[in-house]
Structures are given as structure tokens and as C-alpha cells.
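Number of protein chains: 2
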Amino acid sequence: MNLTGKHYIGHAVSADSSDTFHAKNPATGEDLPTAFHEATSGEIDRAMSLAAHAFNEFRHTSAERRAAFLEAIAHEVEALGDALLELTHAETGLPMPRLTGERGRATSQARLFAELAREGSWVDARIDLPQPDRQPLPKPDVRSLMQPVGPVVVFGASNFPLAISVIGADTVSALAAGCPVVIKSHPGHPGTCEAVAQAVVKAAEDCGLPEGVFSLVQGKTNAVGMALVEHPKTQAVAFTGSLRGGRALYDVACSRPHPIPFYAEMGSVNPVFVLPGALANGADALASGFVQSLTLGTGQFCTNPGLVFGMKSESFGAFISASAENAAAAAPSTMLHPGIHQAYNAGVVRLRDIAGVKVAGQSSTEADAAKAQAAVYLLETDSETLRQNPALFEEVFGPVSTAVNCQDAGELEEFANKLEGSLTATLHGTPEDLESHKGLIEILETKVGRLIFNGYPTGIEVCHGMHHGGPYPATTHSYFTSIGTRCIYRFVRPVCYQGWPQESLPEELRNDNPRKIWRMVDGKMTKDPVA
Amino acid sequence: MNLTGKHYIGHAVSADSSDTFHAKNPATGEDLPTAFHEATSGEIDRAMSLAAHAFNEFRHTSAERRAAFLEAIAHEVEALGDALLELTHAETGLPMPRLTGERGRATSQARLFAELAREGSWVDARIDLPQPDRQPLPKPDVRSLMQPVGPVVVFGASNFPLAISVIGADTVSALAAGCPVVIKSHPGHPGTCEAVAQAVVKAAEDCGLPEGVFSLVQGKTNAVGMALVEHPKTQAVAFTGSLRGGRALYDVACSRPHPIPFYAEMGSVNPVFVLPGALANGADALASGFVQSLTLGTGQFCTNPGLVFGMKSESFGAFISASAENAAAAAPSTMLHPGIHQAYNAGVVRLRDIAGVKVAGQSSTEADAAKAQAAVYLLETDSETLRQNPALFEEVFGPVSTAVNCQDAGELEEFANKLEGSLTATLHGTPEDLESHKGLIEILETKVGRLIFNGYPTGIEVCHGMHHGGPYPATTHSYFTSIGTRCIYRFVRPVCYQGWPQESLPEELRNDNPRKIWRMVDGKMTKDPVA
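Protein sequence lines correspond, in order, to chains E and C.
Under my numbering, the residues of the first sequence are numbered 1 to 531, in order.
Under my numbering, the residues of the second sequence are numbered 1 to 531, in order.
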């Protein structure tokens with residue numbers, strides 16, 4: 001890896017400011033060697049202006065060229081080899097096997113969006129044919145399709161330095177739609193961001209795409225992010241991160257003279273409900289799966305299960321005991337950053353110190369603070385304590401979960417009603433349990449984006465039906481997702497052509513359907529050409 | 001019409017406040033007899049709480065029941081007969097033939113959404129089938145579809161008292177989606193709102209729908225609207241009105257502890273470009289059509305053409321002259337409200353007094369101020385004056401348009417670039433003109449929601465392909481439309497089911513596809529059941 005610490009603004013590198021910062025190796029607490037420069041307002045303006053300029057050409061590129069670009073990105077990132085993963089490991093403490101898997105997810109995601117662009121039906125082409133003789137007024141010829149909105153700013157997540165960062169779903173879906181992308185590099189893994197950006201820049205150049213279709217700016221201060229969101233050429237923003245950071249930037253986006261959509265995915269508490277039938281065959285498998293999900297990525301997943309509800313009983317007690325044993329057996333592991341590690345420890349203390357909350361289990365090996373290691377915690381409480389302490393409903397980022405002994409199914413519903421919007425809810429049980437807890441499920445359907453049965457919320461499948469979103473504070477707009485192919489719809493808007501001549505229409509709307517896509521013609525889905 | 005001046009909150013009428021207001025007949029300046037009560041915060045809370053309660057049942061109603069409800073609404077509104085139209089005429093000054101047409105549009109729109117609900121494919125059902133043996137990890141069963149978000153508040157428009165008000169597209173699309181609706185009655189036509197609300201309440205009762213599925217509250221003060229937007233049970237808002245009012249409420253919606261989407265359609269300047277080929281066969285037909293569009297509904301359409309660009313030439317001069325003659329022949333007519341009338345007159349004076357702007361034509365009959373009559377104005381200016389006076393780019397609500405003599409095609413592009421986001425842009429010319437003005441069209445494609453060729457922006461076709469939206473300030477979110485079947489997507493969000501048992505899935509997602517809808521199965525569109 002040849003890291004410069006500079007910004008990639010179109011085809012040029014830039015470092016106008018002498019303010020610099022270093023990434024920290026969380027496992028050693030030491031600064032990594034590269035000095036990264038803070039972006040200046042001039043550099044931000046250059047990146048956004050180049051993006052706006054590139055948009056004029058990029059939005060007219062064929063689906064095939066965009067697809068080839070996305071495939072080239074995947075190829076160039078793979079070509080960086082394991083040196084990339086070693087760098088990411090040093091910056092984030094995430095283990096190599098995990099990073100290998102995450103790279104695979106990122107590159108296959110880029111290829112999925114290439115396929116989506118190539119297939120082409122995602123544009124939601126609609127054609128209403130004219131009726132010149134209709135009474136009392138003729139019906140005009142009306143056709144519409146989704147078109148890209150313009151330059152998109154992407155703030156990647158600290159916890160997925162490859163799959164939700166420089167080439168995450170935000171970036172590849174925006175590029176598939178025809179939007180140039182300016183990345184706000186994550187200060188937790190700036191070297192990874194730079195290395196991946198080099199790969200994207202090479203792919204853009206090799207594909208002959210206009211300068212500015214992709215830029216990356218570094219910055220540790222809030223000022224860089226604010227300036228990107230405030231910039232008049234920015235047309236949409238995708239963000240994955242904390243509620244506090246996301247809300248602050250959302251407020252900026254909405255307060256602009258011309259507001260823009262700010263799509264934030266801000267994590268959530270992801271409740272798990274253990275229904276009676278789940279424990280009929282013992283608690284071991286369930287407890288083992290649950291603690292595996294809880295500790296995945298050192299608990300640093302947006303979908304990490306932070307609350308587990310069950311009805312106080314011998315079998316739910318057995319589940320808690322078995323989970324506690326699994327937690328005890330789980331070795332402490334390094335968090336992404338010393339700051340996150342401190343916040344985790346403080347969060348665990350905050351929960352644990354509530355009267356009525358006890359530690360059911362915790363990693364039996366001591367966590368090494370110098371290595372930013374998090375111990376796994378399973379806390380336990382009762383319904384009255386939960387009722388009195390709304391803090392227990394709040395997400396603590398890391399491998400801690402609180403098991404709640406409820407008195408009856410009514411309490412499950414009571415607490416489901418009290419939940420804030422969440423990305424997921426998980427239910428364990430038999431199909432009969434689902435039927436006999438209909439009320440609970442009906443509440444959860446209004447609270448979350450994804451309901452999981454007899455599975456775990458972590459490990460999100462990247463596919464067409466996936467929804468990674470949910471009511472606020474999980475996200476800022478519950479219609480949109482940040483994972484799965486629907487996420488392209490954050491970066492487009494319909495454009496309608498009325499009475500437009502065939503030869504001047506976008507090809508997706510022409511009578512002969514040269515792209516052979518699915519279209520809605522007079523309300524009916526068809527791939528047929530218009531007669 | 002039996003008007004009470006009260007609010008319709010679920011099945012009850014209510015009038016807790018003694019603060020009242022009267023609608024004014026704009027053609028006489030006189031108050032109409034009914035005293036309408038301001039809604040109190042208690043009444044607003046009751047309406048929203050009942051809506052939230054009704055949501056639990058209403059969101060589970062079958063498509064057939066929702067469709068029947070929409071059809072009953074259309075039927076009950078028609079059953080009010082012409083007495084409704086006479087009332088609306090008295091409140092708005094809009095002529096009876098126009099109101100007859102508008103009622104037809106409103107009821108056929110309700111029936112279109114009934115059809116949409118019944119057909120059912122709008123839910124965007126997606127199914128990704130499991131691969132339990134996939135390596136390195138099994139692929140889960142992932143299915144998702146659009147579900148209603150919850151109670152929706154609707155602010156109708158003053159200028160379409162029937163088709164964009166109590167039973168406008170906002171209301172019928174929200175009901176089709178499964179969302180209860182609370183209407184903020186428009187203070188310009190509160191009697192019309194009450195009469196239509198009576199019809200909706202009757203339809204809801206006849207269809208056996210839960211109390212609170214529909215409510216209407218009256219109010220003239222900003223406080224009523226603010227309280228509706230701020231109410232914690234409100235999940236989305238649809239608004240049609242002014243930029244100032246829309247932006248103020250948008251700011252409230254975004255500043256809530258839990259922000260909600262605020263979909264505002266706030267009008268725009270709707271530029272018209274007259275390209276050289278348009279005038280090859282003379283200017284008369286074009287000028288006549290243009291002035292007809294300009295004066296439709298006394299110029300009080302969101303899509304009213306406020307600017308007309310052409311290249312200074314004998315033929316464009318002839319178009320201006322012919323349009324001026326048509327304007328002179330156009331009789332002044334009553335505006336919706338004395339306040340709107342005053343704002344129009346002030347707006348015309350503001351434009352006319354700019355040095356370099358002249359009156360090319362105006363209604364030759366004098367406008368009767370006591371009847372709130374607006375004279376039609378065609379103003380004329382040159383490119384340098386436009387360049388120096390950004391005020392000329394601003395919408396003046398009413399029958400005034402400014403023709404701009406440009407020097408060359410480069411100036412057309414310059415001014416297109418300077419336009420704010422608009423609902424529409426219109427081009428007149430030959431297909432060859434479109435090809436030779438590609439640069440202009442490419443700019444307009446980034447500025448507007450709908451491009452019209454050789455037609456007029458007013459008179460919006462309600463259909464599947466229609467887009468009535470556009471970049472800010474035309475709307476607050478350019479992805480969404482407020483007319484056409486796509487407008488249902490403002491009131492839904494995806495809900496995803498992972499590993500869910502067949503019998504507990506929403507029927508749209510079950511293997512056997514009992515609703516026989518289009519679904520995306522493993523990325524392919526099909527109506528087939530899943531094997």
C-alpha cells in the first residue's frame with residue numbers, strides 16, 4: 001500500500017492543509033505512520049464542483065459502461081490483495097478472516113449492482129399511451145422513469161471498513177444510478193479508505209469516465225462533514241453511523257436553503273423475543289447461536305441484539321444460564337477504536353449499575369484495556385426494572401445484551417410498544433408461537449424494518465428483498481434501505497416526458513423497448529414493445 | 001348542504017373552541033354564513049389518537065375493503081349533487097363547469113386508487129428464496145413488501161378545492177395504502193371541506209371501517225397546522241400550497257424529536273421554451289393555446305407557465321403580439337380569495353415596475369377589485385433585464401407570464417441553468433428542434449419533474465406514468481409525486497420477513513401468490529407461484 005494521506009479529487013491528489021491526523025491501531029493504542037490531511041473548504045468545493053461537472057456526462061453513460069465500471073472497481077479492490085486487509089486489520093482490529101469475508105461481500109455487492117444496471121428494469125419505466133379522441137379532453141402520451149439526482153456524498157461506517165465504506169452499498173448504488181460520489185473518508189480507517197479510493201480512481205480512469213465521477217476527502221473534524229452536507233452541489237447524502245452524528249448532519253441537510261435528502265442508518269437495539277416453543281428442545285443451541293450473534297465483530301454491528309425478552313420460567317432461565325456460560329467462554333476482543341472501547345465500558349457500567357440489573361455472565365478472561373478489548377456481557381433484569389429505567393432500551397454499541405424476564409405475554413407487548421424504531425426484531429419459537437403471539441408481531445411490524453424468525457439479526461443478506469432500514473431513530477426515512485438492491489432508489493427521482501418524440505426519449509421509454517426491460521404500459525407490466 | 005362549522009373527529013362532531021372564522025365569497029367580498037371553529041389542541045390530539053388506534057385495524061383490511069371504501073367515497077361525493085359545487089363556487093369563485101370537471105377528476109382518481117389497491121402489485125413484493133446449502137454460509141429466505149406507515153395528515157390546496165383537498169390524491173392514496181387520514185381543512189373553502197368530509201364519514205361508516213380512519217379539523221391559524229405536524233402520532237404529512245407555508249411546516253416536521261417525512265408540493269414557475277420550428281406555420285395557434293393555459297383557473301395552477309423564452313426574431317415577436325392580443329381578449333376573473341388577489345396585483349406591479357420590463361398585453365376589460373378579479377398580463381423583457389433581476393424568476397400566483405427575448409440558444413441554456421427546481425418545463429418546436437437543442441433539454445432534465453413537448457403544463461393527466469414533483473422548491477423531496485399512482489409510495493415503507501413461516505406471512509408474500517400479483521422472485525418479475 002502506497003499511502004499519501006492526501007485527498008483524491010478527480011484525477012489529482014491534494015493536501016492544502018497542514019492540519020493532519022493519524023489512525024490508531026486499537027490493538028496497540030499506537031498511531032499508524034501515515035499523516036492524513038484535513039480537507040479544506042477549497043478542496044471540498046473542488047470535489048463537489050468536479051462531481052457536478054462529471055454528472056453531466058456520467059448520467060448519460062450506458063448501463064453497460066456503468067456496469068463495467070462497477071466490475072472494474074471490484075476487480076481493482078481484489079487486486080490490492082491481502083495487503084489491503086492487513087492495513088484494515090491494523091486500523092480497525094478486525095480479524096483477517098472477517099475482513100476476507102467482508103471484502104467478498106463488498107465486491108460481490110458491486111457486481112450485483114452491475115447486474116442490476118445491466119438488466120435495467122430498476123428504472124421503473126412507465127408508459128401511458130395517448131388517446132387523442134378521448135372526450136371531453138384528449139389523453140396525452142405520458143412516460144416516466146427514474147433518473148439520477150446528481151452528486152452524492154457518502155459517509156461510511158466505522159464498523160464495516162470495506163462493505164459499508166468507500167465501496168459500500170451507498171457508493172455502488174449511487175454509481176449504478178448514474179450519480180458521481182464524493183466520499184467522506186472515515187477517520188477510523190483512513191488508510192483503508194485511501195487504498196480503496198486508489199482502486200476506484202484507477203477503475204474510473206481505465207473505464208474512461210469523466211474526472212470527478214469519484215472523489216475522496218479526508219477529515220477528522222466535524223467541519224469537513226458539515227461542509228460536504230452544506231455544499232450547494234450536493235444532491236443527496238448517505239450516512240451510516242451514530243444517532244448523535246447522524247442527527248446533527250440531518251439537521252444541517254434539512255436546514256439548507258435547498259434541503260436535500262439525508263439518508264442515515266443510525267443503528268438500533270434489535271430486540272429478540274424468545275417464545276415458549278423455542279425452548280422445548282432445550283436452550284443450548286439457541287443460547288450458543290444468540291451469543292455468537294451478540295459477539296460477531298465484537299458486537300459492533302448495527303443489528304446487534306441488545307435486548308432479549310422471554311417469559312420468566314425454568315426454560316427461559318436455562319436459556320439465560322446457557323447464554324451466560326457462552327458469554328463467559330467468549331474471549332474479549334479488540335474494538336474498532338479506543339474511543340469506542342471507552343464508550344462501551346461506560347455503557348456497560350451505566351446498565352449494570354441500575355438497581356435490579358445483574359450480570360448473568362461475562363467473559364471469564366480479563367479484557368486488556370491497552371488492546372481496547374471488550375469483554376462480553378449478558379445482563380439480566382425483570383420487567384419492573386425495565387419499566388422504571390428507559391435507559392435499558394438504549395443501544396450500547398458492543399457485545400452486551402440484557403435479558404428481560406417478563407411475567408406474561410402482555411408484558412412482551414407492553415415492551416414492544418415501548419421500543420424505539422429498530423432495524424430488526426427477532427423471534428424464536430414454533431410457527432404456533434407466532435400465531436398465538438399475533439398481537440406482539442403486529443406491534444413489531446410497526447416498529448422495525450426486518451422481522452427474523454428462528455435466526456439472528458446479524459449477517460445481512462445482500463439481495464433484492466432485503467430491507468435494512470426502519471422507523472426513526474433506526475434511520476431518517478423509513479421508506480429507504482441502505483442494503484439490498486432497493487437502495488438505488490435513494491439517489492434517483494422520476495422524470496416524466498409528455499408528448500415527447502420517440503427519437504428524443506431515453507431508450508428505456510421508446511416504443512420498441514431496445515433495453516428489453518420490464519415496463520408498466522397502461523398499468524400492465526410487460527416487456528413487449530409498444531405496438 | 002347542512003354545514004355545522006364543526007370538526008369531524010372519528011364518528012363525533014366537536015367544537016370545543018369559541019374562536020370561529022368565516023369563509024369569504026371572493027366575488028362579493030362578503031362572509032359566508034357558517035361560523036367555523038378553530039380546532040383546539042385537545043381536538044387535534046383526539047383526532048390523531050383515534051387515527052393511531054384505527055391504524056391497528058385499518059392496516060390489516062383487505063385490498064377489496066379499501067377499494068370498496070374508495071369507491072363509496074366517490075359515490076357519496078357524487079351523491080352530494082350540484083349543491084356541493086354551488087357551495088364550492090361561492091367559497092372559491094371557480095366557475096361551475098370547471099368545478100364539474102374537477103369533481104369528475106377527484107372521483108375518478110378515487111376509483112383509480114381503488115383499482116390499484118385491488119390489483120395489488122403496487123406493494124413491490126420481493127422474494128429471495130433460501131439456499132440452505134450455500135457455502136460458506138446458508139442463504140436465508142428473505143421476503144419484503146410495502147406496508148402503510150401510520151396516520152397521515154393532509155393539507156389540501158386552495159386552488160383545487162375538490163381534486164387536491166379532502167378527497168385529493170393525498171387522501172385517496174394514503175387510504176389505499178392503509179393509512180388513516182386526518183385532514184387540515186383549507187380555510188379558503190371550509191364548507192366544501194366539511195361537506196366532502198360528511199360524505200367520507202358516511203362511506204367509512206357504511207363500509208364498517210374503524211372510527212378514526214378519517215377525521216377533519218378546521219382551523220385558520222398556523223397553530224392548528226403546526227400542532228398536527230408536531231403531533232407524535234403523525235407519521236407523514238402531505239401538503240400542497242405556498243413555498244413559505246410549506247417550508248415553515250417542513251422545518252417543524254424535520255425538527256421533531258422523531259422527524260417525519262413532510263411531502264410538500266409548493267408550485268413553481270414552469271418555463272416555456274418556444275423553439276424556432278414552432279413558429280414556422282405562424283404564431284396564432286400557439287399563442288392561443290398558451291394564453292388558454294395561462295388563464296386556466298385564473299392562472300391559479302401550480303403548473304401555470306410563468307416564463308416564456310424565445311429567440312428574438314420576427315416570428316417570436318409575432319408570437320408575443322398574438323399572445324398579447326389573446327391576453328387583451330381574456331376577461332378578468334375572480335381569484336380564490338381577496339388575499340390572493342391582492343398578492344397577485346402586488347406581484348404584477350413588482351414585475352412590471354422593473355426597468356426593461358414592459359406590458360405587452362393585458363385584459364382590455366377592467367378588473368373589478370370588489371370581485372377580486374385578476375386581469376391577465378403578458379409582460380415582455382430582454383435577456384439583460386432578466387440577468388439583472390432575479391425577481392423575474394419568481395412565481396407570481398395568477399394569470400401573468402413574462403416573455404423573454406433571448407439573443408441566441410446559448411442564452412436559453414444560461415437561463416435554464418438559472419431556473420430553480422420546477423414542476424414542469426414545456427418546449428414547442430419540431431422534433432428536429434429538440435435534437436438541435438440537446439444542451440437545453442439536458443439542463444431542463446435536471447431542473448424539472450415533467451417535460452412537455454408541444455403541449456401545455458396545466459391540466460395534469462392522472463395516470464401511472466405521471467410525475468407531479470420536481471427538485472426543491474417545487475417539492476421537498478424530488479423522489480415523490482403528489483399526482484399519479486406512484487404517489488402511494490409516500491405513505492409506505494418496506495417490511496422484510498426473514499425465515500418466516502408461510503402461514504404467518506402477509507398473503508402477498510406467500511408461495512402460492514393468492515393475490516396473483518406481480519412479484520420479484522430471485523430478481524425476476526413473475527406472477528407465478530413459488531414452487
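Ideal Cβ positions, reconstructed from N, Cα and C, are used throughout, including at glycine.
Any chain E beta carbon closer than 8 angstroms to residue i
{"i": "W518(C)", "result": "yes"}
{"i": "W500(C)", "result": "yes"}
{"i": "C496(C)", "result": "yes"}
{"i": "M466(C)", "result": "yes"}
{"i": "R126(C)", "result": "yes"}
{"i": "Q147(C)", "result": "yes"}
{"i": "T481(C)", "result": "yes"}
{"i": "L419(C)", "result": "no"}
{"i": "N454(C)", "result": "yes"}
{"i": "Y489(C)", "result": "yes"}
{"i": "H532(C)", "result": "In the structure as shown, chain C starts at 1 and stops at 531, and residue 532(C) therefore has no counterpart that could be examined."}
{"i": "H258(C)", "result": "yes"}
Where the beta strand (DSSP E) through residue i begins and ends
{"i": "G310(C)", "result": "L307 to M311"}
{"i": "F155(E)", "result": "V152 to F155"}
{"i": "D128(C)", "result": "R126 to D128"}
{"i": "C406(E)", "result": "V400 to C406"}
{"i": "R546(C)", "result": "Chain C is shown only over 1 to 531; residue 546(C) falls outside these bounds and no answer can be derived."}
{"i": "G449(C)", "result": "V448 to F453"}
{"i": "D382(E)", "result": "Y377 to D382"}
Length of the line joining the Cα atoms of residue i and residue j
{"i": "A110(C)", "j": "F301(C)", "result": "21 angstroms"}
{"i": "A35(E)", "j": "K371(E)", "result": "22 angstroms"}
{"i": "D433(E)", "j": "G410(E)", "result": "14 angstroms"}
{"i": "D353(E)", "j": "L427(E)", "result": "28 angstroms"}
{"i": "L209(C)", "j": "H75(C)", "result": "16 angstroms"}
{"i": "T100(C)", "j": "Q498(E)", "result": "25 angstroms"}
{"i": "E194(E)", "j": "G469(E)", "result": "28 angstroms"}
{"i": "V349(E)", "j": "P305(E)", "result": "18 angstroms"}
{"i": "P276(E)", "j": "G429(E)", "result": "6 angstroms"}
{"i": "R143(C)", "j": "N281(E)", "result": "28 angstroms"}
{"i": "A374(C)", "j": "S293(C)", "result": "15 angstroms"}
{"i": "L116(C)", "j": "H464(C)", "result": "10 angstroms"}
{"i": "D251(C)", "j": "S255(E)", "result": "7 angstroms"}
{"i": "L440(C)", "j": "A416(C)", "result": "7 angstroms"}
{"i": "L451(C)", "j": "V149(E)", "result": "16 angstroms"}
{"i": "L296(E)", "j": "A369(E)", "result": "19 angstroms"}
N-terminal and C-terminal residue of the alpha helix (DSSP H) that residue i is part of
{"i": "A369(E)", "result": "A369(E) -> no alpha helix (DSSP H), and no H or E assigned at all."}
{"i": "L249(C)", "result": "L243 to S255"}
8 angstroms Cβ cutoff met for residue i and residue j
{"i": "Q218(E)", "j": "H37(E)", "result": "yes"}
{"i": "N513(C)", "j": "P494(C)", "result": "no"}
{"i": "R490(E)", "j": "A331(E)", "result": "no"}
{"i": "A54(E)", "j": "E211(E)", "result": "yes"}
{"i": "S333(E)", "j": "L279(E)", "result": "no"}
{"i": "R126(E)", "j": "R515(E)", "result": "no"}
{"i": "S173(C)", "j": "L423(C)", "result": "no"}
C-beta neighbour in chain C for residue i, strict 8 angstroms
{"i": "K139(E)", "result": "yes"}
{"i": "C254(E)", "result": "yes"}
{"i": "M266(E)", "result": "no"}
{"i": "S144(E)", "result": "yes"}
{"i": "L451(E)", "result": "yes"}
{"i": "C463(E)", "result": "yes"}
Completely contained beta strand (DSSP E) runs for the stretch 496-524 of chain E, where each covers 3 or more residues: 519-521
Which runs of the alpha helix (DSSP H), 4 residues or longer, sit entirely within the stretch 29-96 of chain C?
41-58, 63-79 and 82-92
*asked:* I'd like the ranges of any beta strand (DSSP E) spanning at least 3 consecutive residues and lying wholly in the stretch 301-362 of chain C.
replied: 307-311 and 358-362
Extract the residue ranges of the alpha helix (DSSP H) inside the stretch 171-251 of chain E, only unbroken runs of 4 or more that lie entirely within it. 190-206 and 222-230
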